[in-house]
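Below is one structure, written out as structure tokens; the observations come after it.
In the numbering used here, the protein residues as written are 3 to 185.
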């Protein structure tokens with residue numbers, strides 16, 4: 003049995019959970035999200051807690067899905083109540099980000115601007131070279147943040163590029179530093 007799968011999901015006040023067959027719909031102040039549970043796994047709501055159980059104990063087919071289902075449903079409950087966000091920083095001279103309507107336009111030293119259109123349900127904002135991606139779906143927020151970072155990942159010599167806020171870039175010594183050190 004999965005240690006994660008056994009833990010109950012706390013459903014706070016103001017969040018509505020509807021279970022119909024294998025589908026779970028969660029509605030909260032930020033929006034609504036749904037998930038279809040794999041067969042062999044059951045979800046039930048009791049006393050403000052969402053419990054995930056296996057129909058057959060230690061079934062090979064559902065054992066792998068047990069903890070995953072609980073984690074996905076916990077992320078949905080957190081997403082509709084608080085939401086998720088990722089912050090990215092632009093580091094480098096001349097690197098700029100700005101919003102043009104719904105689109106994020108990045109100037110990254112290329113011959114052309116790089117444009118990103120957010121998926122439905124996501125919001126992108128820019129303030130002081132910090133790009134904030136927010137939404138209720140954790141996977142979509144992470145995916146768009148990763149795509150933005152992939153446009154110009156930080157390089158190890160000067161650290162220029164797009165990095166996650168708080169990310170530590172491993173730096174390398176340049177040619178001049180290596181030449182001083184020896185042969």
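Where is the CB? At the ideal position from N, CA and C, for every residue including glycine.
For residue 78, the closest C-alpha among the options 29, 113, 92, 159 is that of 29. Per DSSP, reduced to three states, the secondary structure at residue 78 is helical. Contact between residue 81 and residue 35 holds, since their C-beta atoms are separated by about 6 Å, short of 8 Å. According to DSSP, residue pairing for residue 27 in a beta bridge involves 20, 36. Residue 150 carries a helical assignment under DSSP once its states are collapsed to helix, strand and coil.
The three-state reading of DSSP puts residue 125 in strand, counting E and B together.
Residue pairing by DSSP places residue 99 opposite 108 in a beta bridge. Around the Cβ of residue 5, a 10 Å sphere holds fewer than 16 other Cβ atoms; the residue is exposed.
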